[in-house]
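The structure under discussion appears below in the form of C-alpha cells.
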Amino acid sequence: MADSLERDARKWIKVFREESGDGTSGAPALAERRDAIVRRTLTWWDRARRALAWRAAPGETPDPYRVWLSEVLLQQTTASAATPYYRTFVERWPTVERLAAAPMEEVISAFAGLGYYSRARNLHACAKAVAARGGRFPSEEAELRALPGVGAYTAAAIAAIAFDRRAAPVDGNIARIVARLTALETPIASSRKAIAAAARALAPDRRAGDFAQALMDIGATLCRPLTPDCPACPLSRDCLAFRSGAPETFPRKAAAKPKPKRIGAVFFAHRADGAFLARRRPPKGLLASTVELPGTVWTGEGPGTAWAEDAPIPARWRRLPGAVDQVFTHFALSLAVYAAPYAGGAPDSHFWVSRDAVAEAGFSNVMRKAVAHAIAARPE
C-alpha cells in the first residue's frame, strides 16, 4: 500500500510541474484519470447539486452580475450567512448599473453584520468600473483581474461559472479536496502554488463552471474538514487521503499562533426616548465607514477605569458588567461598555440612532453586540 501511494503521489507531482511550466511531462495514464474524475464529478453534480439563491437553474445562462455579487459576498462567509444579504442586494440593486449608482453609505449599510467591510468598498468600485463598460463584465481572467477588488479566485470563478472558460477557482473547499486527492503533506498555506497547479490540471475544457461548482459542493457536503463522507464521494477512488485510511488528517495543519489581544471601551449615551449617540468610522482602515458607538482606541495596554475620561461627552458614566468580545483575523478584542443618560445635543460628527433602527443603521458585528449589551443592561 505504501509503495502504491508513493507512486500515485509522484504522478500527481508530475501534474503540478507540468501545469507550472517547468517542462516535466505528465503521465498519459494521469490524463485518463483526470477525465474519469471530471466525468464522475459532473455526473454527481447533475443529480446532487445544491439549489443556491445565486445559481442559474439547469439550462439557464448564468448572469455575470449575480455570479460576481455572490462570489464577493461568499468571501470569508458561509453560504447560509451570505444568502439573505444576496437577496437584499439583488432586490435593491438588480443590475450592476443600479448598484454603481447607489450611495456608498447605503452599500456599506447593506453589508452591516457580514464583516470584512473592505468588500463593500471594492464591490461599489467594481460596479462603477463595469457600469462604465456598458454594464458588461469581461469574460477572460486577465481582464477580470483588472477590475477593482477582483483577485485571482474571483476572476477564475466568474470566468468559469459565468462564461464557461477553462478556469480553476480555488476556494477553501477546493483546496481541501486537492490536498486530500494528493495526500499533500504540507499545510495549505505553504502549498498554494501546487494546489492551484493541480486544480488547473483537473479543469475540463467544457463545463468548467459546472465542474468548479461541483467541487465546491463536494467540499461543503461530503469532503468536510472533520467528518468526510468518503463512501458517498465521487472522488474517493482517486483520493490518496482516502486510501491512506485517515482522510480527516488531511490537509495537514500548521501550528496555530495565538492571536494578540486588544482592549478598549465604548460609550452608550442614551436619551429618555431610548435613542443613543453613534458616529461613523473613517473611510479607510478596519471596519471602514461603518457606524459605531463612540469609544477609545483599541490597544494592547488599557488604562482600566481611566477609560471614562475618554468619553465623547461629560456625563455620569457607569461601567456595565461584563464585556463584549470579538475575534478579528489578526487579533482578539475585548471592549468594556460604559453607559450614561444624556439630554444634550449630539457633538460634532455624532448623531442619534433610535433603538428600532439599529438593524439598518450600518453597525458592524462587534458594535451590534456592544449596543445589545448596553440595552440588555437596562441603563437608566
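With the UniProt record's numbering, the residue at position 60 of the sequence shown is 60, and numbering never jumps.
In this text, a Cβ means the ideal position worked out from N, Cα and C, and glycines have one as well.
Query, Result
"Three-state class that DSSP yields for GLN213 in the structure shown", "helix"
"Cβ distance (whole Å) where PRO64 is taken to contact ALA152 below 8 Å", "Actually they are not in contact, since the Cβ atoms of PRO64 and ALA152 sit about 17 Å apart, beyond 8 Å."
"For VAL96, the first and last residue of its enclosing beta strand (DSSP E)", "Unbroken run through VAL96 is the alpha helix (DSSP H), 96-101; no beta strand (DSSP E)."
"Residues bridged to PRO341 (per DSSP)", "HIS270"
"Spatial neighbours of ALA100 in its chain, beta-carbon cut-off 6 Å, leaving aside the 5 residues before and after", "ALA127, LYS128 and ALA131"
"Buried or exposed by the 16-neighbour rule on C-beta atoms within 10 Å, applied to GLN76", "exposed"
"DSSP three-state assignment for VAL324, whether helix, strand or coil", "strand"
"Residue from ALA203, GLU97, SER190 and MET104 with nearest C-alpha to ALA254", "SER190"
"Distance CB(LEU320)-CB(ALA377) smaller than 8 Å", "yes"
"CA-to-CA distance, LYS369 to ARG34, given in whole angstroms", "48 Å"
"Rounded separation between LEU277 and ALA110 - CA only", "21 Å"
"Cα-Cα separation, ALA359 to ALA51", "28 Å"
"C-beta atoms of GLU71 and ALA157 nearer than 8 Å", "yes"
"DSSP-derived helix/strand/coil call for TRP352", "strand"
"For ASP217 and TRP45, believed in contact at Cβ under 8 Å, the rounded distance", "7 Å"
"Close Cβ partners of ASP238 (< 8 Å) along its chain, the five nearest in sequence each way excluded", "ARG33, ALA36, ILE37 and LEU181"
"Contacting residues, own chain, Cβ-Cβ under 8 Å from GLY115 (five flanking each side not counted)", "GLN76, THR77, SER364 and ASN365"
"Segment contact flag, the segment 227-244 with the segment 159-174, C-beta cutoff 8 Å, min 3 pairs", "no"
"Sheet register partners of ALA263 (DSSP bridge)", "According to the sequence provided, residue 263 is Ile. The question's Ala does not apply to it. ILE263 is bridged to THR299 and SER334."
"Cα-Cα separation between LEU222 and ILE108, rounded to whole angstroms", "34 Å"
"Unbroken alpha helix (DSSP H) run spanning ALA311, endpoints", "Careful: ALA311 lies outside any alpha helix (DSSP H) and carries neither H nor E."
"Expected contact under 8 Å - CB spacing of ARG316 and ALA340 to nearest Å", "5 Å"
"LEU240 - DSSP class collapsed to helix/strand/coil", "helix"
"Terminal residues of the alpha helix (DSSP H) in which ALA168 lies", "It is not in any alpha helix (DSSP H) - ALA168 carries neither H nor E in the DSSP assignment."
"First through last residue of the alpha helix (DSSP H) which encompasses ARG368", "365-376"
"Rounded separation between LEU184 and LYS193 - CA only", "12 Å"
"Element boundaries [beta strand (DSSP E), containing ARG279]", "276-280"
"Contact check, residue 392 vs PRO148, beta carbons under 8 Å", "Missing from the structure shown is residue 392; the chain here goes from 1 to 380 and no further."
"Outcome for LEU226 when other beta-carbon atoms lying within 10 angstroms are tallied against a minimum of 16", "exposed"
"ALA212: CB within 7 Å of a non-hydrogen atom of the ligand NAD", "This structure simply doesn't include the ligand NAD, nor any ligand for that matter."
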